[in-house]
Amino acid sequence: MTTLNKTFFQQLLATDAGIASLALRIPVGIILLAHGAQKLFGAFGGYGLEGTGQWMASIGLEPGYLMALLAGSAEFFGGLALILGFLTRPAAVVAALTLLVAIVTVHLENGLFLSNNGYEFGLALLAASVSLIFAGAGSLSIDNIIAKRLASE
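Dropping the structure here:
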């Protein structure tokens, strides 16, 4: 691995967040993974790729099937990455962008409150994701293990 690549990965994975990030990573990761499983596999009462794709097309996110695949993959695999603390910053960036699209295209017009299908839940997940972008995965993470190994080489 070249020095430039090693430095890039050290900075990407490094964190001084202690265990605080774990308190965000695990619940946010579980929520994202479950929502992704709804979109991709029809799990937990979801509609799967076909149904989600049709709905996305109906609200103007075209092509619907591709948008469902992208959003579902971002949520499912991003959620899994957050739970494991593996590539946390990239996963949090993808999650934040996905949540921003959901807020703007689906929930914003309904106001803040979840009871009206508003954006409060998406906003909370967005805030947690942005926090993880800055803080990193924390000490109890795969990222931290890799960063320490890279530093010791």
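Under this note's numbering, read the sequence shown as residues 24 to 176, first letter to last.
Just so you know, even glycine gets a beta-carbon here, dropped at the ideal spot from N, CA and C.
Just so we're clear, the structure is a prediction, and the values are computed from it rather than from any experiment.
Check whether residue i and residue j have beta carbons under 8 angstroms apart
i: Leu55; j: Gly101; result: yes
i: Tyr142; j: Leu155; result: no
i: Asp166; j: Leu110; result: yes
i: Ala114; j: Leu47; result: no
i: Ser44; j: Ala158; result: yes
i: Gly41; j: Leu63; result: no
i: Val51; j: Leu105; result: yes
i: Tyr88; j: Leu103; result: no
i: Phe144; j: Leu135; result: no
i: Leu35; j: Arg112; result: yes
Close Cβ partners of residue i (< 7 angstroms) along its chain, the five nearest in sequence each way excluded
i: Leu84; result: Met90, Thr128
i: Asn140; result: His130, Asn133
i: Ala37; result: Gly159, Ala170
Other residues of its chain near residue i: CB distance less than 8 angstroms, five sequence neighbours each side excluded
i: Val117; result: Ala97, Gly101
i: Ala66; result: Ala57, Ala60
i: Ser164; result: Thr38, Ser44, Leu45, Arg48, Leu107, Gly108, Phe109, Thr111
i: Gln33; result: Ala170, Leu173, Ala174
i: Ile53; result: Gly102, Ile106
Distance cut-off 7 angstroms: residue i Cβ against heavy atoms of the ligand HEM
i: Leu110; result: With respect to the ligand HEM, the structure offers nothing, as it holds no ligand at all.
Sequence-distant residues of its chain with Cβ nearer than 6 angstroms to residue i (five each side left out)
i: Ala80; result: Gly87
Exercise. Taking three-plus beta-carbon pairs below 8 angstroms as touching, is the segment 122-131 in contact with the segment 163-174?
Worked result: no
Problem set entry | 4 or more residues per run - each alpha helix (DSSP H) lying fully within the segment 53-98 | 71-81
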